[in-house]
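Here the working numbering is used: position 255 in the sequence shown is 255, and no number is missing along the way. We put the beta carbon where it would ideally sit given N, CA and C, even for glycine. First up is the structure itself, then whatever we jot down about it.
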Amino acid sequence: MDIKRILVFPCGSEIGLEIYRSLKHSRHFEVFGGNSVDDHGKFVFENYISDIPFVDDKNFIPSLRKIIKKYNIDAVYPTMDKVITTLVENQNKLDCKIICSPLWTTQICLSKIKTYERFKDLILVPEIYKDISEIDYYPVFLKPDIGYGARGATKVNNKDELNFQLKKNPFLIILEYLEGEEYTVDCFTNRKGQLLFVGPRKRCRIRIGISVNTKTILDVSGDFKKIAEIINSNLELHGAWFFQLKRDADGNLKLLEIASRLGGSSGVFRPKGINLSLLTLWDAFGYDVEISENNFQFEMDRSLNCVFRHDINFDTVYVDFDDCLVIKDKINTKLVSFLYQCVNQNKKLILISKHNSELLEFLKKFRLQSLFDEIIHINKSESKTKYITKKPAIFIDDSYTERLEVYNYCRIPVFAPDAVECLLKVENLKID
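So this is what it looks like as structure tokens:
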């Protein structure tokens with residue numbers, strides 16, 4: 001297969017970032033990120049396209065069509081439910097594939113009410129209260145019919161709170177409150193309608209609707225698979241999709257929602273050999289796939305992560321050894337990762353050290369002897385400044401005194417080991 005160009009839109013959501021992580025090492029796909037508003041995607045995608053009109057803008061489809069033509073995009077991989085539906089509705093106006101399920105499926109999945117209506121006789125769903133007078137027990141749960149990421153959803157504990165929330169938004173649906181454990185079940189269905197993968201995971205810690213801690217579990221009872229098969233038989237699903245369940249007070253699993261797209265935390269299955277984004281693309285381009293799963297369980301925890309951009313121009317890196325490249329008799333893997341990033345960029349690496357014994361032997365011990373273009377081993381009494389002759393350059397050293405001296409004398413950027421993470425960055429090629 002020729003290399004296919006994939007536009008992920010919007011690219012900075014957790015779904016978009018997971019697609020990037022899933023595809024960035026594949027030689028078969030070149031990934032582009034697109035956004036209407038700049039966000040974290042701008043710091044991640046090497047090929048980044050900004051200022052795409054919002055999905056409800058009248059210029060959205062015409063602008064997207066121009067982008068597809070300009071960059072020879074083979075497929076758009078949408079990451080939000082509303083975007084999916086809009087793109088499917090306008091697929092005949094776009095000269096590329098849309099990675100998603102058919103329109104009627106996406107329309108059902110977009111609406112909680114339509115989802116519950118379709119499956120209420122097949123799967124347990126939360127009780128829906130059409131009127132406040134029907135409620136005989138609190139708390140209850142409010143959520144918008146169309147929404148994602150827990151936006152607009154809230155638990156209310158009494159009638160006064162309920163009236164207050166409905167006054168703010170009278171279109172919220174009132175549901176039975178489910179107090180038990182919550183699960184996401186990631187699935188994959190090929191273009192022939194065959195359900196090839198069912199992966200339940202527990203949503204252990206949730207923030208703004210995202211399971212920032214999730215753990216794969218064994219489907220010992222087979223309940224998750226049974227529900228997946230029912231959904232798969234009653235919707236036409238293509239590629240990766242998921243559904244969410246929660247237990248009621250009696251321990252019964254009830255359906256929260258179905259999404260005809262990739263789950264943002266589905267990356268927990270990648271170490272098990274299940275790359276759902278990649279499988280979805282192969283299937284979309286007409287290739288048969290098979291799944292082989294590593295037989296162990298994984299837990300994934302996420303927190304805010306830092307990615308930096310900078311405007312430092314340098315061709316040479318001077319780096320120290322003791323307490324910098326090697327700390328407490330262990331390799332500083334983050335620094336080594338940065339140094340290999342420099343190798344990829346054809347930058348010169350120079351080790352400059354006052355190590356008090358045979359330096360080459362220590363480099364061999366840590367398997368670092370071939371990393372450097374030049375090794376400068378100097379005496380304790382010497383200043384490193386006189387050996388820093390190549391510019392533009394940067395200097396990395398744990399010693400504040402050494403860094404200050406180099407900065408004042410050589411006038412180059414200097415960094416402590418803890419600051420190396422700001423140098424580890426994606427070399428963005430911003431496309432406008």
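- DSSP places Gln-345 in no alpha helix (DSSP H); its state is neither H nor E.
- Apart from sequence neighbours up to five positions away, the residues of its chain that approach Glu-179 with a beta-carbon distance below 7 Å are Ala-249, ordered along the chain.
- DSSP, read as helix, strand or coil, puts Ser-337 in helix.
- Here the alpha carbon of Ser-399 sits roughly 8 Å from the alpha carbon of Ala-416.
- In the structure shown, the three-state DSSP call for Gly-209 is coil.
- Here DSSP, grouped into helix, strand and coil, assigns Pro-78 to strand.
- Judged by DSSP secondary structure, Cys-410 falls outside any beta strand (DSSP E) and instead within the alpha helix (DSSP H) spanning 400 to 410.
- Per DSSP, Asn-47 is one residue of the beta strand (DSSP E) stretching across 47 to 49.
- Between Phe-269 and Ile-258, the CB-CB gap reaches or exceeds 8 Å.
- The three-state reading of DSSP puts Ser-353 in strand, counting E and B together.
- Under the three-state reduction of DSSP, Tyr-318 is assigned to strand.
- Shown here for Lys-202: same chain residues with a beta carbon closer than 7 Å to its own, the five before and five after excluded, namely Glu-181, Tyr-183, Thr-214, Lys-215 and Ile-217 in chain order.
- The closest CA to that of Asn-35, considering only Pro-170, Leu-124, Val-8 and Asp-57, is found on Val-8.
- With a beta-carbon spacing of about 12 Å, Pro-144 and Leu-166 fall beyond the 8 Å limit used to define contacts.
- The three-state reading of DSSP puts Pro-170 in coil, since its state is none of H, G, I, E or B.
- Residues of the same chain with a CB within less than 6 Å of the CB of Asn-232, apart from the 5 flanking positions on each side, are Thr-189 and Leu-195 in chain order.
- Ala-416 is not bridged by DSSP to any residue.
- If you ignore the 5 residues before and after Trp-282, its C-beta comes within less than 7 Å of the C-beta of Val-289, all in its own chain and listed in chain order.
- Here DSSP, grouped into helix, strand and coil, assigns Glu-358 to coil.
- Judged by their CB atoms, Leu-253 and Asp-219 are not nearer to each other than the 8 Å cut-off.
- Scanning His-25, Asn-90, Phe-29 and Ser-50 for the CA closest to the CA of Lys-58 turns up Asn-90.
- When secondary structure is reduced to three states using DSSP, Leu-195 falls in the strand class.
- With a contact defined as Cβ atoms closer than 8 Å, Ile-174 and Leu-124 miss out at about 18 Å.
- Burial is judged here by how many other beta carbons sit within 10 angstroms of a residue's own beta carbon; Phe-164 has fewer than 16 and is exposed.
- 8 Å or more divides the Cβ of Tyr-318 from the Cβ of Ile-375.
- Secondary structure within the segment 266 to 302: the alpha helix (DSSP H) runs of 4 or more consecutive residues, fully enclosed, are 276 to 284 (chain order).
- Per DSSP, the continuous beta strand (DSSP E) segment holding Ala-393 begins and ends at 393 to 396.
- Taken in chain order, no unbroken stretch of alpha helix (DSSP H) lies wholly in the segment 363 to 392 with a span of 4 residues or more.
- Secondary structure note for Arg-5: its beta strand (DSSP E) is the uninterrupted segment 4 to 9.
- One Cα belongs to Gly-33, the other to Ser-63, and the distance between them is close to 15 Å.
- Going by DSSP, Ile-258 is part of the beta strand (DSSP E) stretching over 253 to 259.
- Looking at the DSSP output, Ala-240 bridges to Phe-188.
- Put simply, the backbone Cα of Arg-247 is about 38 Å away from that of Lys-97.
- Every unbroken stretch of the alpha helix (DSSP H) spanning 4 or more residues and falling wholly within the segment 33 to 117 is given here in chain order: 41 to 44, 60 to 70, 81 to 89 and 103 to 110.
- Of the candidates Ile-312, Gly-286 and Ser-292, the residue whose Cα lies closest to the Cα of Gly-199 is Ser-292.
- Distances from the CA of Ile-146 to each of Ser-133, Ile-206, Thr-85 and Asp-121 were compared; the closest alpha carbon is that of Thr-85.
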